[in-house]
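Contents: one structure, followed by commentary.
Numbering (UniProt numbering), first residue to last: 1 to 466.
Laid out in structure tokens, this is it:
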């Protein structure tokens with residue numbers, strides 16, 4: 001039987017999603033009532049990640065109050081799971097020593113990520129108060145360029161020497177494990193700290209105690225350099241199913257590791273950026289979109305909307321210039337939205353699959369030319385199917401076979417144009433050093449709208465002989 005007065009007993013009967021919602025709701029209610037002891041009790045059996053989500057769902061004035069209910073050990077764990085905007089707000093509210101105690105215990109990579117989001121004045125103050133070892137570790141990471149392996153790695157790892165026996169290695173692991181990010185992968189270095197091999201914990205514990213590390217390690221070590229792009233690091237870990245990958249400097253010296261939990265964050269971040277960019281410049285910077293300032297969001301979005309406004313103006317000018325043929329065959333105007341809308345959708349589909357293929361390296365073996373030809377053929381096939389349907393539908397609506405044929409043939413041509421534009425422009429923008437996801441959408445719309453209308457009217461002149 002469930003003890004209704006025991007929060008721990010109550011929480012055990014809920015799923016993870018229900019638990020998060022329940023904790024958030026009850027925590028808010030208890031804080032509003034001023035029942036701090038009850039609020040503290042409700043958090044006792046909850047995992048740090050779920051506590052962080054519950055705190056993020058509270059009104060800002062209550063976030064600091066809820067966070068202060070945690071013990072120092074819990075606070076350190078929960079803080080690393082919080083969104084950067086909440087972390088920054090808590091930093092502003094804490095007393096100096098409260099901040100130092102938490103930030104000093106964070107892992108160096110999480111600390112560096114936090115410092116990226118904080119004002120420089122606060123970062124400098126926090127750096128001065130860190131312990132010498134933590135200050136050095138953080139300064140090392142901040143010295144690398146943003147978005148590289150060096151910036152997201154952690155220097156907290158266990159390195160072994162080839163001459164060590166298995167027994168000696170296990171003793172070293174026991175001694176260093178508490179201050180290490182992960183112990184499941186071990187790294188072997190020479191006297192100059194150059195990476196010479198890797199070793200799994202499983203291989204170590206199953207080996208003969210008197211064997212040396214050099215006898216059981218894998219010498220063909222896969223690693224990345226400090227300047228390797230974080231997306232490439234993520235792809236490498238995903239491809240080889242690593243829990244962590246070693247990071248070396250230009251002299252091949254081991255300086256850190258990137259763990260799979262950091263890679264998951266990177267993949268989510270990069271995917272979010274690409275989806276926002278595909279939306280036509282919808283970007284939110286470091287914060288989540290719905291946590292960003294509305295004026296900042298509007299300023300970024302209006303640029304691309306202005307581009308589309310100019311595009312529509314050009315399209316309108318072309319239509320106005322074709323008044324003569326429209327006066328003779330008024331029904332042609334009725335199908336302009338159908339053609340440009342369909343072309344825009346086909347182009348968006350092509351650009352989406354190509355940009356996704358770029359991000360996952362799926363199309364690396366094909367090459368730009370083969371991808372563009374493939375998409376052109378896909379556009380031809382799609383256009384033929386849609387064009388046939390559009391021809392029948394146009395004839396059914398208007399009863400004019402010539403107009404129906406003009407619509408159907410134009411739809412085929414526009415679909416091919418849209419597919420070529422959607423597949424070629426991402427390659428072009430990447431060659432120019434621009435973001436394919438951000439740049440492609442408005443330019444595809446421009447190409448399809450302007451050229452599509454021109455194709456339609458010129459084909460109509462030929463088919464209708466006007």
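Where a beta carbon is used, it is the ideal one built from N, C-alpha and C, also for glycine.
Cα-Cα separation, residue i to residue j
i           : j           : result
residue 342 : residue 72  : 58 Å
residue 182 : residue 157 : 7 Å
residue 302 : residue 33  : 44 Å
residue 20  : residue 52  : 10 Å
residue 201 : residue 309 : 60 Å
residue 294 : residue 367 : 40 Å
residue 322 : residue 430 : 36 Å
residue 55  : residue 29  : 13 Å
residue 457 : residue 364 : 38 Å
residue 188 : residue 224 : 15 Å
residue 36  : residue 47  : 19 Å
residue 149 : residue 233 : 7 Å
residue 78  : residue 454 : 59 Å
residue 398 : residue 329 : 11 Å
residue 110 : residue 408 : 57 Å
residue 336 : residue 423 : 23 Å
residue 39  : residue 248 : 46 Å
Beta carbon of residue i nearer than 8 Å to that of residue j
i           : j           : result
residue 152 : residue 262 : yes
residue 213 : residue 161 : yes
residue 196 : residue 190 : yes
residue 333 : residue 326 : yes
residue 172 : residue 253 : no
residue 226 : residue 144 : yes
residue 344 : residue 420 : no
residue 84  : residue 134 : no
residue 155 : residue 139 : no
residue 450 : residue 313 : no
residue 90  : residue 185 : no
residue 441 : residue 350 : no
residue 22  : residue 66  : no
residue 198 : residue 221 : yes
Three-way DSSP call (helix, strand, coil) for residue i in this model
i           : result
residue 45  : coil
residue 71  : coil
residue 214 : helix
residue 175 : helix
residue 25  : helix
residue 199 : strand
residue 361 : coil
residue 366 : coil
residue 188 : strand
Anticipated Cβ contact below 8 Å, residue i with residue j, distance rounded
i           : j           : result
residue 415 : residue 379 : 5 Å
residue 425 : residue 444 : 6 Å
residue 112 : residue 141 : 4 Å
Strand pairing of residue i, partner residues [DSSP]
i           : result
residue 254 : 248
residue 224 : 247
residue 154 : 257
residue 505 : Nothing about residue 505 can be read from this structure; the chain reaches only from 1 to 466.
residue 229 : 148
residue 533 : This structure does not reach residue 533, given that the chain is present from 1 up to 466, and the question cannot be answered.
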